[in-house]
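Numbering (this note's numbering), first residue to last: 354 to 1058. Here a beta-carbon is modelled for each residue, glycine too, at the ideal position from N, C-alpha and C. Bear in mind the structure is a predicted one, so any value in this text is a computation, not a measurement. Report on the following structure.
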């Protein structure tokens, strides 16, 4: 009875001990679980985990290793001598320790007695066991939920030992907890590394990014990278935590801008559709450090960030500033449009009939092209301190310009046109201008202007083509180039028109001269034929014919030479008489006196008068006053009848004329009595007296001036 009772008591005590141990183990696991769930610093936890493992396995030492680069790295240990811990700091694949063999088998491995294990006999591992006073070891792999190896946990005993299967029950729970903790730590590390990598990429990206809260309409700015700060001329202090449209508002001085409106529409679309929205290129001016709005063009993408439930947690706003590209494209489009305009411009100017029409057409086309208020062309006369404005066109917003202005009223503007194209965006803001010059510009309605000047050389302007706005106007490089090109072409076509007009005038003059030449040649031939015929009729011999014909032809030749030399074809009467007398050597000895006012004869009258004087002189030499040195001739003329007629007289005296020998019906007398009255609508008187010949002529001055 008593032995049985003792047996029952012993059994109950053993059961109570097992229950107590079970409860203690469960309590230890709960504490570990709680600490693993809340712990962030793993190293102190590893020490507690090893204490728990030693408690559960009733071991004298324990170690925890983590797999790293294919090797096991000792992370924590309890009960190891320092030399042993250093030896097992890394476990290579060729090691024959329990942990290496467990790793190879991916299952728990037990060495009941290291002294009896042939695999480690004579190795440094055996020495390490001995230095720590250890005889047995079991190593259990730490396996992740997805099956990959995380590391190893081992317990060590100071005596040969082989745990029962039931001893691993709570230990395996601990192993699972440790594996989950390590796996969670690895995931956290990967997440942290990913976040750090994302942050690094976010900051290092050359593409500007901004993160917005989905709190419409504020769209609070949560983050932005360096590229975004640089692109928008902002700092974190002036951006992060602020409402989007408080930071990026439209320029209030430029109504009608759609930058903020377009962005708001895109963000609203992202919130509604939960899809990325690609914005069209839009102008969105930003404020520079001086507080001024600068024009910029942007292309943007707005993309939602979704959580696992599909809710938008943030909006990624990616932008690309394309200001330079946009301006280059606009400049190219403007250049192409300008080239097309200039082709039409040149064709139109080429068709104009004269320089005035070219100038007027040019300024009209330029005004229409630029849609401004006035265009004009001014010519400079610096010696007279004036600029004349012969060509101008403008609308009702500007007053007509005066036909001329004083250059001294616009000294600064004139100084600039001497050397370069004069460009003003706003004359009211122009520096270095006197109040009087500014007032003069204002009175003429010139607020903004471009003046392209044609010059002969340095500081020698000829004229300027000017485009004017009565309001402030920002001139683009393309507009300035257009005015310069239009001015150059206008001047070229004006010069061409003038040259063509001069050529036409020259051709008309040449035709007139040719017609006059033909007329004169015909008249000359007719006169020569008449001289020849009448000389032949009144000559008694060939020698007589030759002598008279030669003299008369020479006289006619002299007057033709005089007509050719004289400007306008006029011949001076006095010169005509002197040339004829000189030809007969009859004027140098004082026998002939000539007097009368200056009278210029037209070619026809000069020809006839030349022949008449020739006949009178020849007759005087042969039969009259010049037959000896006693005779005298008085040649005189004057205007009569109020200057409308010419009276000419030839009077000889001091000679005895044999009237019986002098014939009165020869060529000369016929010329004086009949031909001159007919050819010159003249009245003539020929009186042959014993003392010499007296000849008088009265003719209308349309034939003489």
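message: I'd like the list of long-range same chain contacts for residue 704, defined as Cβ closer than 8 Å, with 5 residues on each side in sequence excluded.
response: Mapped onto the chain shown, residue 704 falls at position 351. So no residue of the chain qualifies.
- request: Give a yes or no on contact between the stretch 636–650 and the stretch 577–597, applying the rule of three or more CB pairs nearer than 8 Å.
  value: yes
field: Cα-Cα separation between residue 453 and residue 444, rounded to whole angstroms
entry: Looking up residue 453 in the chain shown gives position 100. Looking up residue 444 in the chain shown gives position 91. Each residue's Cα considered, the two are about 7 Å apart.
message: For residue 679 and residue 831, what's the separation of their Cα atoms in angstroms?
response: Residue mapping note: residue 679 aligns to position 326 of the chain shown, counting from 1. Residue mapping note: residue 831 aligns to position 478 of the chain shown, counting from 1. Distance between the alpha carbons of residue 679 and residue 831: 14 Å.
message: Given this structure, state the Cα-to-Cα distance separating residue 633 from residue 783, to the nearest angstrom.
response: Along the chain shown, read from residue 1 onward, the residue named residue 633 stands at position 280. Along the chain shown, read from residue 1 onward, the residue named residue 783 stands at position 430. Going by the C-alpha atoms only, they are around 37 Å apart.
- prompt: Which residues share a DSSP beta bridge with residue 671?
  reply: As a working mapping, residue 671 is identified with position 318 in the chain shown. Answer by DSSP bridge pairing, in chain order: 562, 654.
message: What would DSSP say about residue 732, mapped onto helix, strand or coil?
response: Here residue 732 refers to the residue found at position 379 of the chain shown. In the structure shown, residue 732 sits in a strand (DSSP, three-state: E or B).
- prompt: Does the beta-carbon distance from residue 451 to residue 419 come in below 7 Å?
  reply: Taking the chain shown and counting its residues from 1, one reaches residue 451 at position 98. Taking the chain shown and counting its residues from 1, one reaches residue 419 at position 66. No, they are not a contact pair.
message: Distance check for residue 803 and residue 722, CA to CA, integer angstroms please.
response: By 1-based counting over the chain shown, the position of residue 722 is 369. By 1-based counting over the chain shown, the position of residue 803 is 450. Cα to Cα, residue 722 sits roughly 14 Å from residue 803.
query: Which residues in the same chain as residue 478 place their Cβ atom closer than 6 Å to its Cβ, once the five residues preceding and following it in sequence are excluded?
result: As a position in the chain shown, residue 478 is number 125, starting the count at 1. Once the five neighbours on either side are set aside, the close Cβ partners of residue 478 are 450.
message: So, under 8 Å CB-CB, residue 726 and residue 691 are touching, yes? Tell me the CB distance rounded to an integer number of Å.
response: Mapped onto the chain shown, residue 726 falls at position 373. Mapped onto the chain shown, residue 691 falls at position 338. Contact annotation, residue 726 with residue 691: C-beta distance approximately 20 Å; criterion of less than 8 Å not satisfied.
Through-space distance from residue 960 to residue 987, alpha-carbon basis: Taking the first residue of the chain shown as 1, we reach residue 987 at position 634. Taking the first residue of the chain shown as 1, we reach residue 960 at position 607. Rounded to the nearest angstrom, the two C-alpha atoms are 21 Å apart.
field: Test item: CB-CB of residue 598 and residue 619 under 7 Å
entry: Taking the chain shown and counting its residues from 1, the one referred to as residue 598 is at position 245. Taking the chain shown and counting its residues from 1, the one referred to as residue 619 is at position 266. Cβ distance not < 7 Å, so residue 598 and residue 619 don't count as in contact.
- request: Please say whether residue 740 and residue 720 have beta carbons closer to each other than 7 Å?
  value: Residue numbering aside, residue 720 sits at position 367 when the chain shown is read from its first letter. Residue numbering aside, residue 740 sits at position 387 when the chain shown is read from its first letter. Contact: no.
query: Of the choices 800, 514, 540, whose alpha-carbon is the least far from that of residue 467?
result: By 1-based counting over the chain shown, the position of residue 467 is 114. Cα-wise, what sits closest to residue 467 is 514.
message: Along the chain, where does the alpha helix (DSSP H) containing residue 676 start, and where does it finish?
response: Position 323 of the chain shown holds residue 676. Residues 676–703.
field: Of the listed residues 579, 1053, 616, nearest to residue 1001 (C-alpha basis)
entry: Numbered from its first residue, the chain shown carries residue 1001 at position 648. Cα-wise, what sits closest to residue 1001 is 1053.
- request: Below 8 Å on the Cβ atoms is my guess for residue 667 versus residue 564; work out the distance and round it to an integer in Å.
  value: Position 314 of the chain shown, counted from the first residue, corresponds to residue 667. Position 211 of the chain shown, counted from the first residue, corresponds to residue 564. Between residue 564 and residue 667 the Cβ distance is about 5 Å, and since that is below 8 Å, they are a contact.
- prompt: Apart from the five residues on each side of it in sequence, which residues of its chain come closer than 6 Å, Cβ to Cβ, to residue 708?
  reply: For the purposes of this step, residue 708 is taken as the residue at position 355 of the chain shown. The residues are 847, 850, 851.
- prompt: Mapping DSSP to helix, strand and coil, what is residue 1000?
  reply: To locate residue 1000, count along the chain shown from 1; it is residue 647. DSSP places residue 1000 in strand when its eight states are reduced to three.
- prompt: Under a Cβ-count criterion, where at least 16 other Cβ atoms within 10 Å of its own Cβ denotes burial, should residue 730 be classed as buried or exposed?
  reply: To locate residue 730, count along the chain shown from 1; it is residue 377. Per the 10 Å Cβ criterion, buried.
query: Quick one: Cα of residue 926 to Cα of residue 952, how far?
result: Translated into positions along the chain shown, residue 926 becomes position 573. Translated into positions along the chain shown, residue 952 becomes position 599. Near 6 Å, if we compare the C-alpha coordinates of residue 952 and residue 926.
- prompt: What span of residues does the alpha helix (DSSP H) with residue 747 cover, start to end?
  reply: As a working mapping, residue 747 is identified with position 394 in the chain shown. Taken as a continuous stretch (DSSP letters only), residue 747 belongs to no alpha helix (DSSP H), being part of the beta strand (DSSP E) at 739–747.
query: Helix, strand or coil: how does DSSP classify residue 626 here?
result: Your numbering for residue 626 matches position 273 in the chain shown. Helix, per DSSP.
- prompt: Would you say the stretch 400–415 touches the stretch 521–540, given that touching needs at least three Cβ pairs under 8 Å?
  reply: yes
message: Between the alpha carbons of residue 471 and residue 464, how many angstroms are there, rounded?
response: Counted from its first residue, the chain shown places residue 471 at position 118. Counted from its first residue, the chain shown places residue 464 at position 111. Cα to Cα, the separation comes out at about 10 Å.
query: Do residue 503 and residue 458 have their C-beta atoms closer together than 7 Å?
result: Position 150 of the chain shown, counted from the start, is the residue given in the question as residue 503. Position 105 of the chain shown, counted from the start, is the residue given in the question as residue 458. No.
query: Under the rule that 16 or more other beta-carbon atoms within 10 Å means buried, what is residue 862, buried or exposed?
result: The residue given as residue 862 occupies position 509 in the chain shown. Here residue 862 is exposed, its C-beta having fewer than 16 other C-beta atoms within 10 Å.
message: Quick check on residue 462: buried or exposed, where buried means 16 or more other Cβ atoms within 10 Å of its Cβ?
response: If you number the chain shown from 1, residue 462 lands on position 109. Under this definition residue 462 is a buried residue.
- request: Classify residue 756 as helix, strand or coil using the three-state DSSP reduction.
  value: For the purposes of this step, residue 756 is taken as the residue at position 403 of the chain shown. The answer is coil: DSSP assigns residue 756 none of H, G, I, E or B.
field: Cutoff 7 Å; reference residue 941; Cβ partners in own chain excluding five residues on either side
entry: Looking up residue 941 in the chain shown gives position 588. Caution is warranted here: a pLDDT of 49 is assigned to residue 941, below 50, making its placement in the model unreliable, and no coordinate value can be reported.
field: DSSP beta-bridge partners of residue 816
entry: In the chain shown, counting from the first residue as 1, residue 816 sits at position 463. For residue 816, which the question treats as bridged, DSSP gives the partners 732, 807.
message: Can you tell me whether residue 552 is buried or exposed? The criterion is at least 16 other CB atoms within 10 Å of its CB, across all chains shown.
response: In the chain shown, residue 552 corresponds to position 199, counting from 1. With fewer than 16 other Cβ atoms within 10 Å, it is exposed.
query: What's the gap between the Cα of residue 509 and the Cα of residue 493?
result: As a first step, residue 509 is located in the chain shown; it is residue number 156 there, counting from the start. As a first step, residue 493 is located in the chain shown; it is residue number 140 there, counting from the start. Spanning the two alpha carbons is a distance of roughly 12 Å.
- prompt: Is residue 932 buried or exposed, if buried means 16 or more other CB atoms sit within 10 Å of its CB?
  reply: Indexing the chain shown from 1 puts residue 932 at position 579. Buried, because 16 or more other Cβ atoms sit within 10 Å of the Cβ of residue 932.
task: Locate the alpha helix (DSSP H) running through residue 598, then write down its first and last residues.
output: Walking along the chain shown from the start, residue 598 turns up at place 245. Its alpha helix (DSSP H) spans residues 597–600.
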